[in-house]
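Worksheet for the structure shown next.
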Amino acid sequence: MAAPAPLRLLAQDAEDLSIISAALQDAVAKIGDIAFEPKARRLTVAFNRYRWERDARTHERVRTGLQLAGVLGVQSRRLRRDARSAVVELLAVSFEPGEAPGGAVVFTFAGGGDLRVEVECIEAVLADVSTPWPTPRTPSHAD
């Protein structure tokens, strides 16, 4: 069976963003892989994404980039900004509406940390940027 093509997703509303959130569930990143460019009004995060779209017998990760445009500001809570090599595990990406069409894209990480990104509107792009590699660890969640 051929490997699925690399993911390429675009989100322009909350429903689209929920699909990106599902694809990124259990992705891991280093704090140093989160880059906010205020002048460009852009936030980019490089993740090692677990490939949930593969069958249950295949355990793979792939390098994935997520970019948000129209970023007005970024706030973090309970994330170690002093430790660029600290690893965070993503649980979900959600949208909190504000003055339409804007609001906040919220990244919720395991351990209680989060990243709140104020945006003019939802404009997110996700793209796999590497060849997948096998991983011996399958993410699991305690009930």
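In terms of the numbering used here, the sequence shown opens at residue -12 and continues consecutively. We put the beta carbon where it would ideally sit given N, CA and C, even for glycine. Treat the numbers as computed from the prediction; the structure is a model and nothing was measured.
| Item | Value |
| --- | --- |
| State the Cα-Cα distance for the pair residue -3 and residue 113, rounded to the nearest angstrom. | 7 Å |
| Taking only beta-carbon atoms, is residue 30 less than 9 Å away from chain B? | Here chain B cannot be found, since the structure has a single protein chain. |
| Residue 115: buried (16+ other C-beta within 10 angstroms of its C-beta) or exposed? | buried |
| Exposed or buried, what is residue 53 when buried is set at 16 or more other beta-carbons lying within 10 Å of its beta-carbon? | buried |
| Does DSSP put residue 19 in a helix, in a strand, or in coil? | helix |
| For residue 45, which residues of its own chain have a beta-carbon under 6 Å away from its beta-carbon, when the five flanking residues on both sides are left out? | none |
| Which two residues bound the contiguous alpha helix (DSSP H) that contains residue 2? | 1 to 11 |
| Mind checking which residues open and close the beta strand (DSSP E) that includes residue 66? | That residue, residue 66, is in no beta strand (DSSP E); it is neither H nor E in DSSP. |
| At the level of alpha carbons, what is the spacing between residue 10 and residue -7? | 12 Å |
| Identify every residue that forms a DSSP beta bridge with residue 51. | 34 and 115 |
| Do three or more CB pairs link the region -1 to 9 to the region 66 to 73 at distances below 8 Å? | no |
| For residue 17 versus residue 74, is the C-beta spacing smaller than 9 Å? | yes |
| What are the start and end residues of the beta strand (DSSP E) that includes residue 90? | 90 to 96 |
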